[in-house]
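Everything on this sheet refers to the single structure shown next.
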Amino acid sequence: MKANGEGTLLAVGWEDEFLGTASQFTASGIRRVAVYDLVAILAKLANEAQAMCSEHTQECDHIGEAIEFAEFNILGAYVGQGMPVFMTRKTFAEWQEEVDYEAE
Ligand SMILES: [Zn+2]
Numbered sequence: 564m565k566a567n568g569e570g571t572l573l574a575v576g577w578e579d580e581f582l583g584t585a586s587q588f589t590a591s592g593i594r595r596v597a598v599y600d601l602v603a604i605l606a607k608l609a610n611e612a613q614a615m616c617s618e619h620t621q622e623c624d625h626i627g628e629a630i631e632f633a634e635f636n637i638l639g640a641y642v643g644q645g646m647p648v649f650m651t652r653k654t655f656a657e658w659q660e661e662v663d664y665e666a667e
């Protein structure tokens, strides 16, 4: 992770998966954080793992390995305020379905 002058932390090496910034209102004012495409990050990690797999079979779980690697090394690499956000794009209807949310 690397911070710019505003304290926005960046996930170094994931520039192609950078989507933009998001603003969050906090007790100390507006904080701007970097937003990354989580699905694209996982796809790249899984493709790299598959490319390095010498005995690739149907049994391989490179997506699972990618998720585990990302959770530990990218999403779980907490270094303080201003951490990036890793987004999974979905429609509101998809989100409602997922969390069983019903509007009042
Ligand atoms: Zn494999």
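Anchor point for the sequence shown: position 42 equals 605 in our numbering, and the numbering is continuous, going up by one each time.
From the three backbone atoms N, C-alpha and C, an ideal C-beta is built for every residue, glycine too.
Keep in mind that this is a model prediction, so the values were computed, not measured.
Limits of the unbroken alpha helix (DSSP H) element including residue i
i           : result
residue 601 : 601-615
residue 648 : Where residue 648 is concerned, there is no enclosing alpha helix (DSSP H), although the beta strand (DSSP E) it sits in stretches over 648-650.
residue 711 : Here the chain covers residues 564 to 667 and nothing more, so residue 711 does not appear.
residue 659 : 655-662
residue 558 : Nothing can be reported for residue 558, as the shown portion of the chain is limited to 564 through 667.
Exposure of residue i, with buried meaning 16 or more beta-carbon neighbours within 10 Å
i           : result
residue 643 : exposed
residue 580 : buried
residue 629 : buried
Option nearest residue i by Cα separation, candidates the options
i           : options            : result
residue 519 : 661, 663, 624, 634 : The chain is shown from 564 up to 667; residue 519 falls before or after that span and cannot be answered.
residue 607 : 633, 641, 648      : 633
residue 571 : 595, 589, 578      : 595
residue 592 : 619, 575, 638, 645 : 645
residue 599 : 618, 588, 638, 619 : 638
residue 574 : 663, 641, 651, 653 : 641
Residues proximal to ligand 1 by C-beta, any heavy atom closer than 6 Å = 613, 616, 619, 623, 625
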